[in-house]
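What follows is a short report on a single structure.
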Amino acid sequence: MNTPAFGISLEPRSRVEQGLLGRALRFLHLDGWLLVGIGGVLLISLLALYSAEGQLLTELLDQVARMLVAFGALLFMAQISPSWLRRGSPLIYALGIVLLVMVMATGDIGKGAQRWLDLGIRFQPSEIMKLGLPMTLCWLLHDRPLPPSFGVLLVVVVILVVPVGLIAEQPDLGTAILIVLSGAVVIFLAGLSWKYIAAVGALTGAAMPALWLVMHDYQRKRVLTLLDPESDPLGAGYHIIQSKIAIGSGGIFGKGWLNGTQGQLEFLPERHTDFIFAVIGEEFGLLGALALLLLYLLIVGRGLYIAAGAPDTFSRLLAGSLSVTFFFYVFVNTAMVMGMIPVVGVPLPLVSAGGTSMVTLMAGFGILMSIQTHRKLVAR
Amino acid sequence: MARTLRIKDHWREQQLFTGRLLVAILFVLGLTGLVVVRLVQLQVGKYEYYSVQSSGNRIRVEPVPPIRGLILDRNGKVLAENTPSYQLEMTPEQVPDMADTLTRLVASGILPEDDLPELKETVASRRAFDTVVVAERLTDEELAAFAVRRPQFPGLEIRARLGRSYPYGTAAAHLLGYVGGISAEDKKTLDPIEYAGTTHVGKISVERSFEARLHGTSGHEDVVVNVHGRKMQVLNRIQSLPGQDVILTIDMDAQLAANQGLEGKRGAAVAIDPRNGEVLAFVSTPAYDPNAISAGLSRRAYLALQEDLDQPMFNRALRGQYPPGSTIKPMVALAALHYGVATSERRVGCRGAFSLPGSSHRFRDWKPEGHGSVDLYNAIEQSCDVYFYTVARELGIDRMGSFLESFGLGSVTGIDIGGEKTGLVPSVAWKKKAFRRPGEQVWFPGETVIAGIGQGYMLVTPLQLAHATATIAAKGQRFQPTLFRGTRNAATGTIEYEAPRPLPPVPDQEPAQWDAIIEGMHGVLQGPRGTARAVGLNAPYQMAGKSGTAQVFTIGQKEKYNAKDVAERRRDHALFIAFAPLEAPRIAVAVVIENGESGSKVAAPIARAVMDAYLKNPS
């Protein structure tokens, strides 16, 4: 009973998959389309970072090293079959909670927030939750009838609230929001009744004033700044104004690689991390930005295709959740850089400098590839 | 019912999931669409707007200040020039600890402690990346002191800048004035674009009056700056045009001769070419050092100059007002001839004193035994007071006053530098206005009498006196005194001369009458009984002159009472006017020496020295 998703037949395999390359990919449990998308984005990342980091080769090599580590994580996750992943999910979640509690107790403080944990290597435990939380929800839902019952939903809420509360307390609003979204995607894909969705939507709207009250001053400022960036051109509004100037002045074709004045002359803050999309927009123009978006859509589309073809509930939900969440990262960052939503510290996935989030993302792609490549072995 | 629902229906769940996946895809595409729309809006719709914003961010227009014009004397000697000097500059944003750095600068002797508050103010008012001048014109010792400590002072740098310097120092100080940092007051009158890069502006005298010619035209540079304002690249440079060189009418030989004569004295000397009003020498002593002032005086040093009892900042030639004493006599004599009160033949008996009819008050002659019977020639030659008491009384104050005014007394001469005083020619009407109490408003006949010998209320400036002397030399022809001979274009060397500016001449005067008083003045220096014949001896040219000695009534208001100095400061002022050569005068001089006692002995030799220095050169 192989129901083709979207009318695309999964059989027979394409020629590539049957050739030498195809056999190598299959042996390594890798997915060609995803690799093409990821590789393209990483290439753009290296070009943009070289420009944004003052054309320092050493910084670039550091990033290449991080990419290799992240690829190692991808390769590793791709080898683990979905059934093993499913069984390991609650353990990963539990480990994540423990580490988050440790952060609260002992963690290092970076940029005014307590996010880092030093266990030989320095990392943010919240990153584990980006994968651990959706995996655990998928594990919870996989053998229960869907759409989930109210009782199950209550358990979902508890599983969600504990880590999100810990992360929001660090405070790391951006990550907390993204983890809530990843969980929301899981239960949405699991068929959460539209009634509940409407109710949650209404509740969220009603809770906004309360949220305003519990927000930190800098977070409120970001929201206010979004509404009127010119009100504080040298303070909080500066980031948005400068990044809009960078993108807007790039025009259709861009100022050319290494020629972006906003970036090269340091008008653009955080240009190698959260605001790297502005560097791309300035130097490569509309065409460059669209090319990057296209590569992202390729990755997300392939992820959703894998989800559609996944043989079991756990794999389906997880693949769908990982793909949609990845898209959220892209949207939140680009929308923030273009002044459509408040500044939340979310890097542009796979492009911004930094290792931790890339390792998580690549591990996620490893899971997607595992789901895709272990299908024959698991199914039926 | 809940039980039945617990059975998992895989086919239905997959259908449900596929539906949800489709919703997710629509969601993804929708949000992507929003991002694309926003990109197009920014990069296509508002591209022009953001391009301009981006250029405005990175391109800064920096002024290139022009080089100030030179000031030259009439023979091309350089009186003011621009010389490189070293100054210490600070970029506040590069200084890690401002308070500590300033403290250490003071401790190492580079920064005077007095300047600290002003410097702090300047630092606070500028942008962090703008350089601030910490100390100007560093001496070799200060340079060395900074050089060895350089590593301890990040953000500070030694820079060579063009500074104004005056090779003749004090000798031309009151003539040239000086330049100084642009003050808030200056900014009100200066063109903000032209002066955007200029640090110094002419503050007084020639440097101020000819500011527009000297300054030049500012250029500019379009530079690419980074977010900290640091220059990264020059895109375009429009050179500045140097200011014009200003050629003064001054003859430096005459100027130096006057300085030498006045050295150690409080006084002034002004020499004018009677043929065109050109000022040949313009000296006031004591003077300040314009090099020190242009370099920037410490507050303390400036106050010391201001409070000096000898008033070195006071331009006596332009603003000093003195009773003219007997130097007024040739003009009074001319007035007497003009109004028919005297003829060249009329004689007056002098027995050493004069009394008004019905009064016992005796107005003394300077020679107690009297001059005997004197005519106009004798009266001028020997400076007979009784003769002038007599004619003054017959002229009356108002006729005498209005005649003196036609020589330019009592009003500014209109010389090219500002701040000139008017002096005072008294009249009946003036006295009524000037005094408050009715008893004091009445003009007394005795006041007319002493006015005849230049005493009483009458006041002249050395410049006015020189101008009046030049007018006598030119027999009534008057020219506005000027320091401005012309300009020289620094780039092409083209010189443009300024035409003389004639003033209304002294009216209706017969040449014979001029000759009569000039003959008397000739006698002063070269006649057998002239008051200054010692000075006129052995001169290679013929000259005319008149000495004056003016009584000092009160100590000047601005001066402080100082017992030690009072005796000296109560002495009479010494004055002398002269012109030469007699036949075709080329120079007229007025010398005033405060408390100099004797016009003919103290002031006259200086006038002679100035004329010698000028006339030794032909033309």
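Residue numbers (numbering that gives the first Met the number 0), protein chains in the order written: chain A, 0 to 379; chain B, 0 to 618.
Even glycine gets a Cβ: it sits at the ideal position worked out from N, Cα and C.
8 Å contact criterion, which residue i and residue j should meet: CB distance rounded
i: residue 63 of chain B; j: residue 218 of chain B; result: 4 Å
i: residue 101 of chain B; j: residue 134 of chain B; result: At roughly 12 Å, the Cβ-Cβ gap does not stay under 8 Å, so residue 101 of chain B and residue 134 of chain B are not in contact.
i: residue 574 of chain B; j: residue 544 of chain B; result: Not quite, the Cβ-Cβ distance comes to about 11 Å (not below 8 Å), so this is no contact.
i: residue 453 of chain B; j: residue 547 of chain B; result: 6 Å
i: residue 316 of chain B; j: residue 461 of chain B; result: 5 Å
Of the residues the options, the one placed nearest residue i, counting alpha carbons only
i: residue 198 of chain B; options: B:141, B:178, B:147; result: B:178
i: residue 59 of chain B; options: B:280, B:225, B:18, B:513; result: B:225
i: residue 222 of chain A; options: A:335, A:185, A:306, A:271; result: A:335
i: residue 42 of chain A; options: A:32, A:62, A:55, A:31; result: A:62
i: residue 76 of chain B; options: B:389, B:82, B:167; result: B:167
i: residue 414 of chain B; options: B:538, B:295, B:277; result: B:277
Residue i at chain B interface by Cβ criterion, 9 Å
i: residue 243 of chain A; result: yes
i: residue 265 of chain A; result: yes
i: residue 315 of chain A; result: yes
i: residue 213 of chain A; result: no
i: residue 345 of chain A; result: no
i: residue 361 of chain A; result: no
i: residue 255 of chain A; result: no
i: residue 357 of chain A; result: no
i: residue 251 of chain A; result: yes
i: residue 273 of chain A; result: no
i: residue 30 of chain A; result: no
i: residue 182 of chain A; result: no
i: residue 261 of chain A; result: yes
i: residue 246 of chain A; result: yes
i: residue 51 of chain A; result: no
i: residue 134 of chain A; result: no
i: residue 144 of chain A; result: yes
i: residue 70 of chain A; result: no
i: residue 330 of chain A; result: yes
i: residue 280 of chain A; result: yes
i: residue 300 of chain A; result: yes
Test: residue i CB closer than 9 Å to a CB of chain A
i: residue 19 of chain B; result: yes
i: residue 93 of chain B; result: no
i: residue 7 of chain B; result: yes
i: residue 556 of chain B; result: Low confidence applies to residue 556 of chain B: its pLDDT is 43, below 50, so where it sits in the model is not reliable, and the reading given next is rough at best. False, the Cβ-Cβ gap to chain A never drops below 9 Å.
i: residue 23 of chain B; result: yes
i: residue 560 of chain B; result: Residue placement at residue 560 of chain B is flagged as unreliable, the pLDDT there being 47, under the threshold of 50; a coordinate-derived value is accordingly withheld.
i: residue 12 of chain B; result: yes
i: residue 31 of chain B; result: yes
i: residue 463 of chain B; result: no
i: residue 45 of chain B; result: yes
i: residue 283 of chain B; result: no
i: residue 52 of chain B; result: yes
i: residue 15 of chain B; result: yes
i: residue 27 of chain B; result: yes
Ranges of the beta strand (DSSP E) found wholly within the segment 153 to 195 of chain B, counting only runs of at least 3 | 155 to 164, 178 to 180
Would you list, in sequence order, the uninterrupted alpha helix (DSSP H) runs of no fewer than 4 residues that lie entirely inside the segment 40 to 120 of chain B?
-> 46 to 57, 97 to 106
Check whether the segment 372 to 392 of chain B touches the segment 323 to 343 of chain B, counting contact only when three or more Cβ pairs, one atom from each stretch, lie closer than 8 Å.
-> yes
Can at least three beta-carbon pairs, one atom from the segment 536 to 550 of chain B and one from the segment 513 to 526 of chain B, be found at a separation below 8 Å?
-> yes
Segment contact, 8 Å Cβ cut-off, at least three pairs: the segment 436 to 450 of chain B with the segment 340 to 351 of chain B = no
Any contact of the segment 310 to 324 of chain A with the segment 183 to 198 of chain A, i.e. 3+ C-beta pairs under 8 Å?
-> yes
Three or more C-beta pairs below 8 Å linking the segment 576 to 590 of chain B and the segment 604 to 613 of chain B | Touching, yes.
Contiguous alpha helix (DSSP H) assignments of at least 4 residues, all confined to the segment 277 to 329 of chain B = 289 to 294, 298 to 306, 315 to 318
Hey, which unbroken runs of the alpha helix (DSSP H) at 4 residues or more fall wholly within the segment 233 to 272 of chain B?
-> 251 to 261
With contact counted as at least three CB pairs below 8 Å, one residue from each stretch, are the segment 242 to 262 of chain A and the segment 328 to 347 of chain A in contact?
-> yes
Would you mind listing the beta strand (DSSP E) stretches within the segment 21 to 97 of chain A that are 3+ residues and don't spill past its ends, in chain order?
-> Segments of the beta strand (DSSP E) lying fully in the segment 21 to 97 of chain A: there are none.
Do the segment 367 to 374 of chain A and the segment 23 to 33 of chain A touch if we need at least three Cβ pairs shorter than 8 Å?
-> yes
Please specify which runs of the alpha helix (DSSP H), each continuous and at least 4 residues long, are wholly inside the segment 322 to 374 of chain B, giving them in chain order.
-> 328 to 337
Does the segment 208 to 223 of chain B come close enough to the segment 231 to 238 of chain B that 3 or more CB-CB pairs lie under 8 Å?
-> yes
Taking only runs of the alpha helix (DSSP H) that begin and end inside the segment 446 to 493 of chain B, which ones reach a length of at least 4 residues, in chain order?
-> 461 to 472
Three or more C-beta pairs below 8 Å linking the segment 157 to 165 of chain A and the segment 9 to 25 of chain B | no
The segment 297 to 306 of chain B / the segment 432 to 443 of chain B touching (three or more Cβ pairs under 8 Å) | no
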